[in-house]
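Novice: First to last, the sequence lines map onto chains A and B. Residues in the first sequence are numbered consecutively from 1, following the working numbering. Residues in the second sequence are numbered consecutively from 364, following the working numbering. Starting off with a structure, shown below.
Number of protein chains: 2
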Amino acid sequence: MTNTLTDKRAIVLAIDAMGGDAGPSAVVDGVAHAVSKGLRAKFLFFGDEKIIAPLVAEAKGLEGSEIRHAENIVQMTDKPSHVIRRGRDTSMWLAMTAVKEGEAQAVVSCGNTGALMALARLQLRMIEGVDRPAITALWPTQRGKTVVLDVGANVEADEKQLVQFAIMGEAFYRSLAKVDKPTVGLLNVGAEDLKGHEIIRTAARILREADPEMAFKGFVEGDDISKGSVDVVVTDGFTGNIAIKTAEGAARLLGKWLKDSLTGTWNARLGALLMAPGLRKFKERIDPSANNGGVFLGVNGIVVKSHGGADAYGFASAVKMAARLARRPFLDEVAETVDAVMARRRSLRKAQESEAKITAAAQ
Amino acid sequence: MTNTLTDKRAIVLAIDAMGGDAGPSAVVDGVAHAVSKGLRAKFLFFGDEKIIAPLVAEAKGLEGSEIRHAENIVQMTDKPSHVIRRGRDTSMWLAMTAVKEGEAQAVVSCGNTGALMALARLQLRMIEGVDRPAITALWPTQRGKTVVLDVGANVEADEKQLVQFAIMGEAFYRSLAKVDKPTVGLLNVGAEDLKGHEIIRTAARILREADPEMAFKGFVEGDDISKGSVDVVVTDGFTGNIAIKTAEGAARLLGKWLKDSLTGTWNARLGALLMAPGLRKFKERIDPSANNGGVFLGVNGIVVKSHGGADAYGFASAVKMAARLARRPFLDEVAETVDAVMARRRSLRKAQESEAKITAAAQ
């Protein structure tokens, strides 16, 4: 499998066309939308041929696509363990296999997250040196976009795993945003070095000592995410999941209140009409479709999870993200950096230990 | 010290008049504002007499107040340990002493949070049976207001502490909102019983088994907070602090974008003018002043922390909250419930253990 393709025409994306609340038509429309916006790639659609073939035939710009029939679908309620044992004939399994066998450089699915993660780990395996996967989220901020990870792959993370998340998040942001030195922060309850969990403090020390190349900015707090204080916010999956869902809930509540205030009186409605262009821009800015697509970092392949509730525009965002990552040496970079940082950490430790021995002997 | 006063005229509140970004005038104005809105209480103002006396003399409705001179102020940068050793002459220390000695039923301060917590624990001690304090936050929701705790007193909490937080939060909500059976949820990453940390799962089991009186709704997720799915959301101080700050950050970002869209063009400005009443209501709804006041639950007295950046309206909210709690048998209720739940838990454990022994003997 190669991940360093630079020839734009050579990109192949495996699309799990089944699953998601809006069904296969939103998936195919989403891919067509991405193509209409300039994406050049070949697509392999996995799913029920009878349903997908007519959709692809109707869509514009998907002439070079292939349809691969799958007998079965992973249901949203299926347990990952069940899918691993009995899911060989599902669209999700077959799409993942295309990446495993090097036929495609990335897979995009809007199906069951747990099953997709289990299949990714089973078929693609982890990048060497990475203990656990992490799921990313793109967060709109005052400065642009920030990547937050992990938002739910694991409920706990130790210091070594947080360091690996930081390295993966940095490489991810670099590939996505073409920023040479993304800034990285660890999510904590206070900016001072003394606050927060022991695990987070140790992770900060390792990053400072063993990854001098990284633009590591230390600790950030919850409100720093929307401020865009750093490009990459690193946290464990429990905290990250709660942070993102809490912010989504708050945004939805404000949206509802705003709508109430826009439609409360006839004057307000007229006012809203006059403000229409500004409000449209506001809506676009907070549109979750624009930031759709969680990437499973740490597995040895590019796997993008589109939100189950995403529409065609949302699916298009996920497909574009997959293509961008597939075109860059993203996986190799993660593997190399993790390797270098962990080696440096080991040698620093040894140096500290031998220094301690010398001090002890001298006393 | 009594906490079961029901005679409204008998309430005495200790006000730490120093500290806070807006200074003593915002504090005194805030108290006067609360009085103008119907609050009946006597106030003891602690701080620099030369500054406070003229402010109180000028304010309306504060005629019965007393001013207690304090030589010193706790600075925002003072370490709690320093204040404990050398802070006996500060306004914060003396205000806390008034509660300790039963002269006042509650204290309100907008000073250094860490120092206030340390003084509360030192002078008031913990409620018997409660291991650690928790700080509350009031969160505006689609249904009204939800209490979230802990939002930052401790970075970690074990299952027993989470159970105590749930009991304290329930009693707090009942006192504040006069709701007989507040609903309670544990913040987690998934609503299913199998997800999340072991600690949270155990806390849920204890609450179900040992507190049958509580309207415990199991697990809630981040977006449930703003939905108002439950009245009381229980979590550890690390997660709670990140949740609240993340939501504040997201709300601020949306507010900024909305402002951009309201002032972008002349049409938009005209529209905003027509919408003014609705927008005013929107602003009131998201106004942090209306929800200002974090209560230190678990200490044996009522301690309300006003936000350092609060204006007079914000301080008034904190003062009203202190008075409402002081009028209700809040502390006794916490002590009794914690005692009953922990006793029931112990007897359940014993029953389970002896059952296990019988089963083992029978085999």
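Yeah, the Cβ is synthetic: ideal placement off N, Cα and C, and Gly gets one too.
Determine the burial state of Arg132 (chain A): buried for a count of at least 16 other Cβ atoms within 10 Å of its Cβ, exposed for fewer.
Specialist: Buried, by the Cβ-count rule.
Novice: At 8 Å on the CB atoms, spell out the chain A contacts of Gln505 (chain B), in chain order.
Specialist: Those within 8 Å of Gln505 (chain B) in chain A are Leu253, Lys256.
Novice: Just to confirm my understanding: we take Ala686 (chain B), look at its own chain, exclude 5 residues before and 5 after, and list those with CB closer than 8 Å. What are they?
Specialist: So the qualifying residues of the chain are Ile374, Leu376, Ala397, Leu402, Ala404, Ala469.
Novice: Can you check whether the C-beta of Glu49 (chain A) is within less than 8 Å of a C-beta belonging to chain B?
Specialist: Answer no: the Cβ-Cβ gap between Glu49 (chain A) and chain B never drops below 8 Å.
Novice: Could you name the residues that DSSP lists as bridge partners for Val295 (chain A)?
Specialist: Answer is A:Val304.
Novice: Given this structure, state the Cα-to-Cα distance separating Thr265 (chain A) from Ile225 (chain A), to the nearest angstrom.
Specialist: If you take the alpha carbons of Thr265 (chain A) and Ile225 (chain A), they lie about 35 Å apart.
Novice: To the nearest whole angstrom, what separates the beta carbons of Thr136 (chain A) and Gly294 (chain A), a pair I think is in contact under 8 Å?
Specialist: Their Cβ separation, rounded to whole angstroms, is 6 Å, which keeps Thr136 (chain A) and Gly294 (chain A) in contact under 8 Å.
Novice: Using a Cβ-Cβ distance cut-off of 8 Å, determine whether Asn630 (chain B) contacts chain C.
Specialist: This model lacks chain C altogether; the protein chains it does include are A and B.
Novice: Taking 8 Å as the threshold (C-beta atoms), are Val597 (chain B) and Val189 (chain A) in contact?
Specialist: The answer is no: Cβ separation not under 8 Å.
Novice: Taking all protein chains shown into account, decide if Gly314 (chain A) is buried (16 or more other Cβ within 10 angstroms of its Cβ) or exposed.
Specialist: Buried, because 16 or more other Cβ atoms sit within 10 Å of the Cβ of Gly314 (chain A).
Novice: Helix, strand or coil for Ile15 (chain A)? Go by DSSP, reduced to three states.
Specialist: Here Ile15 (chain A) sits in strand by DSSP.
Novice: Taking only three categories from DSSP, how would you classify Ala679 (chain B)?
Specialist: In the structure shown, Ala679 (chain B) sits in a helix (DSSP, three-state: H, G or I).
Novice: Run the CB neighbour count on Ile721 (chain B), radius 10 Å, all protein chains shown included, and call it buried at 16 or more, exposed below.
Specialist: The residue in question, Ile721 (chain B), is exposed, as its Cβ has fewer than 16 Cβ neighbours within 10 Å.
Novice: Taking C-beta pairs closer than 7 Å, name the residues in chain A that Thr440 (chain B) reaches, listed in chain order.
Specialist: Near Thr440 (chain B) there are no residues of chain A at all, since even the closest Cβ is about 11 Å away, more than 7 Å.
Novice: Comparing the C-beta of Ile374 (chain B) with each C-beta of chain A, is any distance below 8 Å?
Specialist: Output row for Ile374 (chain B): interface = no.
Novice: Excluding the 5 residues flanking Ala210 (chain A) on each side, which residues of the same chain have their C-beta closer than 7 Å to its C-beta?
Specialist: Cβ within range, chain order: Val341, Arg344, Arg345, Leu348.
Novice: Tell me the DSSP secondary structure of Gly214 (chain A) in three-state form.
Specialist: With the sequence shown as reference, residue 214 (chain A) is identified as Met, and Gly is not the correct amino acid for it. In the structure shown, Met214 (chain A) sits in coil (DSSP, three-state: anything other than H, G, I, E or B).
Novice: Where does Leu525 (chain B) fall in DSSP's three states?
Specialist: Correct three-state label for Leu525 (chain B): helix.
Novice: For Asn604 (chain B), does the three-state DSSP call read helix, strand or coil?
Specialist: Helix at Asn604 (chain B).
Novice: If we define contact as Cβ-Cβ less than 8 Å, is Ile199 (chain A) a contact residue for chain B?
Specialist: Chain B, which has no Cβ nearer than 8 Å to the Cβ of Ile199 (chain A), makes this no.
Novice: Any beta-carbon of chain A closer than 8 Å to the one on Pro417 (chain B)?
Specialist: Pro417 (chain B) does not count as touching chain A.
Novice: Strictly by DSSP, which residues pair up with Arg431 (chain B)?
Specialist: For Arg431 (chain B), which the question treats as bridged, DSSP gives the partners B:Phe409.
Novice: Comparing C-alpha positions only, which one of B:Thr602, B:Cys473, B:Ser444 sits nearest to Gly196 (chain A)?
Specialist: Cα-wise, what sits closest to Gly196 (chain A) is B:Thr602.
Novice: Work out the CA separation of Val471 (chain B) and Val666 (chain B) for me, nearest whole Å.
Specialist: Between Val666 (chain B) and Val471 (chain B), the C-alpha separation is close to 6 Å.
Novice: Among B:Arg564, B:Thr609, B:Gly492, B:Phe659, which residue has its Cα nearest to the Cα of Met459 (chain B)?
Specialist: Met459 (chain B) has its Cα closest to that of B:Phe659, out of B:Arg564, B:Thr609, B:Gly492, B:Phe659.
Novice: Please state whether DSSP places Ala276 (chain A) in a helix, a strand or coil.
Specialist: Reduced to three states, the DSSP call for Ala276 (chain A) is helix.
Novice: Run through chain B and tell me which residues come within less than 7 Å of Leu364 (chain A), C-beta to C-beta.
Specialist: Examination of residue 364 (chain A) is not possible in this model, given that chain A is present from 1 through 363 alone.
Novice: Taking Cβ positions, are Pro319 (chain B) and Asn630 (chain B) nearer each other than 8 Å?
Specialist: No statement about residue 319 (chain B) is possible, as the shown extent of chain B runs from 364 to 726 and does not include it.
Novice: On the DSSP bridge list, what partners appear for Met489 (chain B)?
Specialist: In the DSSP output, where bridge partners are listed per residue, Met489 (chain B) has B:Val662.
Novice: At a Cβ threshold of 8 Å, is Pro443 (chain B) touching chain A?
Specialist: For Pro443 (chain B), the answer is no, since every Cβ of chain A falls outside 8 Å of its Cβ.
Novice: Between which two residues does the alpha helix (DSSP H) holding Lys463 (chain B) run?
Specialist: Residues 454 to 463.
Novice: Which residues in chain B sit within 7 Å of Ile225 (chain A), going by Cβ to Cβ distance?
Specialist: Those within 7 Å of Ile225 (chain A) in chain B are Thr609, Gly612.
Novice: Could one say the Cβ of Pro277 (chain A) lies closer than 8 Å to chain B's Cβ atoms, at least one of them?
Specialist: Interface residue, yes.
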